[in-house]
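Engineer: Following this message is one structure expressed as structure tokens.
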Amino acid sequence: MPNISPEIQALASDMITLRRDFHRHPELGGQEVRTAGIVAQRLRSLGYTVRTGLAKTGVTGFLKGGKSGKTVLLRADMDALPIQEETDVPWRSETPGVMHACGHDTHTAMGLTAAAALAGGAQSLSGNVFFVFQPAEELSMGAEAMLRDGALEGVRVDAALAVHIMNQWPTGTIAICDGPAMASADKLMLTVTGRGGHGATPHHAIDPVVASAQIITALQTLISRETPPLEAAILSITMLKAGSAFNIIPDAVEMTGTFRCFNPDLRERLLAGITRIAEGVAASFRCAAQVRNEFLTPAVLNDPAVTRIAREAAAGVVGADRVIAPPPLTGSEDAAYFWQKVPGCYAFIGTARPEWSPAPSIHNSKFDIDESALAVGADFLVQAARRILQTP
Ligand SMILES: [Zn+2]
Ligand SMILES: [Zn+2]
Numbered sequence: 317m318p319n320i321s322p323e324i325q326a327l328a329s330d331m332i333t334l335r336r337d338f339h340r341h342p343e344l345g346g347q348e349v350r351t352a353g354i355v356a357q358r359l360r361s362l363g364y365t366v367r368t369g370l371a372k373t374g375v376t377g378f379l380k381g382g383k384s385g386k387t388v389l390l391r392a393d394m395d396a397l398p399i400q401e402e403t404d405v406p407w408r409s410e411t412p413g414v415m416h417a418c419g420h421d422t423h424t425a426m427g428l429t430a431a432a433a434l435a436g437g438a439q440s441l442s443g444n445v446f447f448v449f450q451p452a453e454e455l456s457m458g459a460e461a462m463l464r465d466g467a468l469e470g471v472r473v474d475a476a477l478a479v480h481i482m483n484q485w486p487t488g489t490i491a492i493c494d495g496p497a498m499a500s501a502d503k504l505m506l507t508v509t510g511r512g513g514h515g516a517t518p519h520h521a522i523d524p525v526v527a528s529a530q531i532i533t534a535l536q537t538l539i540s541r542e543t544p545p546l547e548a549a550i551l552s553i554t555m556l557k558a559g560s561a562f563n564i565i566p567d568a569v570e571m572t573g574t575f576r577c578f579n580p581d582l583r584e585r586l587l588a589g590i591t592r593i594a595e596g597v598a599a600s601f602r603c604a605a606q607v608r609n610e611f612l613t614p615a616v617l618n619d620p621a622v623t624r625i626a627r628e629a630a631a632g633v634v635g636a637d638r639v640i641a642p643p644p645l646t647g648s649e650d651a652a653y654f655w656q657k658v659p660g661c662y663a664f665i666g667t668a669r670p671e672w673s674p675a676p677s678i679h680n681s682k683f684d685i686d687e688s689a690l691a692v693g694a695d696f697l698v699q700a701a702r703r704i705l706q707t708p
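Residue 390 in the working numbering is what sits at position 74 of the sequence shown, and the numbering runs on without skipping anything.
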């Protein structure tokens, strides 16, 4: 069983109440007004110096420790998803079509609980803590917007921590990646243009549909032939739009997809390859291709020194044999924008009940967690923050 500190044990039932309240009242990215209000009020009452209105609904809280030293940033996200909840838990969403299906309600509750525990021991804290509650993670917008609004101005931060709950691991485990933790994400948009005509006379038209089929297939060679075999990259064309009738060859095909990887240099090379292949294959079929990409988030790269300290803290909470070092996850996280500025460790808190097989997945209408795992997450944040401040 996890070795939860008495200070978190004392706060655990309040944390669950808080989480259930956030869960009942989920707010979509950019609209976290109620949630942000509770966060700001709680932080103020704990003695934090609070800033609000960063990226509209983002909140930061700074607390000076009793002894001077470093400053550690603890980041949580607050937004929910446009999903109709289909669980039968008593605290299910009361907002139609909106659900905390990614656990950001738990991140906010764990963050506020860690804030309370750290404030309780502030006199003995050898340094400062700085909490960031960000909006719009699911839109890959909140972190960058908070930084643009000056969230880190006036504070010199030495290290950063964040957690995400995950049902792929059971309660009582903490998973920490060394190096890359989550992938960069780009949205791809391709337009392949030919010349429309009658489906019965393709020789009088230039068919962008056949060209697009070849492009989709050829793009996968970027993964199989141009990505080093021991590195990872993912390219998925997920939307295709073309045509209006069975007998009309359309003028153009629109494609959308996602492209992810962990290595920024490889990302640049493969993005150039996507354009090269799309334009080259299109040209060989007398079509033209236009490729655009929207850079959503960089990869989350865990810093070796901060991660080593976080791993020690995790071992103190759940035992060294329950601290997992998984391969990187191919999802993405806009905490990456903070991690680009501050050396950080992004960790995963196991929240699956042992009897669940399979456990409900995040972003699913039936998503649920074992709430007893929240004490693990909050305690990990507190112990890791303290260790970072104590390390010279
Ligand atoms: Zn999510
Ligand atoms: Zn999430």
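Just so it is clear, CB atoms sit at the ideal spot from N, CA and C, and this is done for glycine as well.
For Q536, which three-state DSSP category applies?
Structural biologist: coil
Engineer: Between R501 and T574, is the Cβ-Cβ spacing less than 8 Å?
Structural biologist: In the sequence as displayed, the identity of residue 501 is Ala instead of Arg. Closer than 8 Å, so yes.
Engineer: Considering only residues of the region 557-618, which uninterrupted beta strand (DSSP E) runs meet the minimum length of 3 residues and lie entirely inside it, listed in chain order?
Structural biologist: List check, beta strand (DSSP E) in window: 568-577, 604-613.
Engineer: Answer yes or no: the CB of I704 versus the heavy atoms of ligand 1, is any distance below 7 Å?
Structural biologist: no
Engineer: Quick check: what's the CA-CA separation for I490 versus P676?
Structural biologist: 18 Å
Engineer: For H416, verify whether its CB is less than 7 Å away from any heavy atom of ligand 1.
Structural biologist: Outside the cutoff, so no.
Engineer: Give me whichever residues DSSP pairs with L477 in a beta bridge.
Structural biologist: L390, C661
Engineer: Based on the DSSP secondary-structure assignment, which residues constitute the bridge partners of I704?
Structural biologist: Looking at the DSSP assignment, I704 forms no beta bridge with any residue, so it has no partner.
Engineer: I need the DSSP call for T507, collapsed to helix, strand or coil.
Structural biologist: strand
Engineer: Distance check for L428 and R360, CA to CA, integer angstroms please.
Structural biologist: 11 Å
Engineer: Using only alpha-carbon positions, find the residue among E628, H519, L645 that is nearest to I704.
Structural biologist: E628
Engineer: Please go through the same chain and pick out, in chain order, the residues whose beta-carbon is closer than 6 Å to the beta-carbon of T365, but skip the five residues on each side of it.
Structural biologist: F378
Engineer: What number of angstroms, rounded off, separates the C-alpha of R472 from the C-alpha of L389?
Structural biologist: Roughly 10 Å between the two C-alpha positions.
Engineer: Quick one: what's I640 bridged to in DSSP?
Structural biologist: Per DSSP, A491.
Engineer: Exposed or buried, I564, counting other C-beta atoms within 10 Å across all chains shown (16 or more means buried)?
Structural biologist: Exposed.
Engineer: Alpha carbons only, please: which of A652, K557, S409 is nearest the one belonging to L612?
Structural biologist: Residue A652 is the option with its Cα nearest to L612.
Engineer: If you follow the alpha helix (DSSP H) that M457 is part of, which residue opens it and which one closes it?
Structural biologist: No alpha helix (DSSP H) contains M457, which DSSP labels as neither H nor E.
Engineer: For E454, which residues from the same chain have a beta carbon less than 7 Å from its beta carbon, with the 5 sequence-adjacent residues on both sides left out?
Structural biologist: G345, D395, L397, C418
Engineer: Confirm, please, whether the CB-CB distance from R391 to Q450 is below 8 Å.
Structural biologist: yes
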